[in-house]
Amino acid sequence: MGDKTTISTLVEGGQASAGPPLGPELGPLPVDVGAVVNAINDKTEDFEGMEVPVDVTIDEDTGDFEIEVGKPPIAALVKDEIGL
């Protein structure tokens, strides 16, 4: 197994895109950016309207990737609950 790179970012649930901040970080790596964005959106769609921490780990030899979705920050959960 090759070297791995992990990118950590915040994305709006279900709204990740190939634009900044994610696209420029993924661009130089041997990974299908569209596939990563689609996978992130699938995994975060339940958090629509909230920023969610996401870690993308990419195998630099194979281009395989894993996505780990964290829990939204407490402030985002509170805003969602009170309707802000």
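All you need for the working numbering is the position in the sequence shown, starting with 1, plus 66. C-beta atoms are modelled at their ideal positions from N, C-alpha and C, and glycine is treated no differently. A quick note: this is a predicted structure, and the numbers were derived from the prediction, not measured.
Considering only residues of the same chain and omitting the five flanking positions on each side of residue i, which have a CB-CB separation below 6 Å?
{"i": "T123", "result": "K70, T72, E132"}
Check whether the Cβ atoms of residue i and residue j sit closer than 8 Å, and answer yes or no.
{"i": "E134", "j": "D121", "result": "yes"}
{"i": "E126", "j": "L95", "result": "yes"}
{"i": "E78", "j": "E117", "result": "yes"}
{"i": "L150", "j": "P119", "result": "no"}
Leaving out the 5 sequence neighbours to the left and right, which residues in its chain are closer than 8 Å to residue i when beta-carbon positions are compared?
{"i": "N107", "result": "G80, Q81, A82"}
Would residue i pass as an interface residue toward chain B - the criterion being a Cβ-Cβ separation below 8 Å?
{"i": "L88", "result": "The displayed structure is made up of one protein chain only, and chain B is not part of it."}
Provide the residue(s) that pair with residue i in DSSP beta bridges, ordered along the chain.
{"i": "G79", "result": "E114"}
{"i": "I73", "result": "V122"}
Do you know whose CA, among the options, lies nearest residue i's CA?
{"i": "G129", "options": "V102, V144, P90, P87", "result": "V102"}
Below 7 Å CB to CB, which residues in the same chain sit around residue i once its five sequence neighbours on both sides are set aside?
{"i": "K109", "result": "I133, V135"}
{"i": "E114", "result": "G79, G80"}
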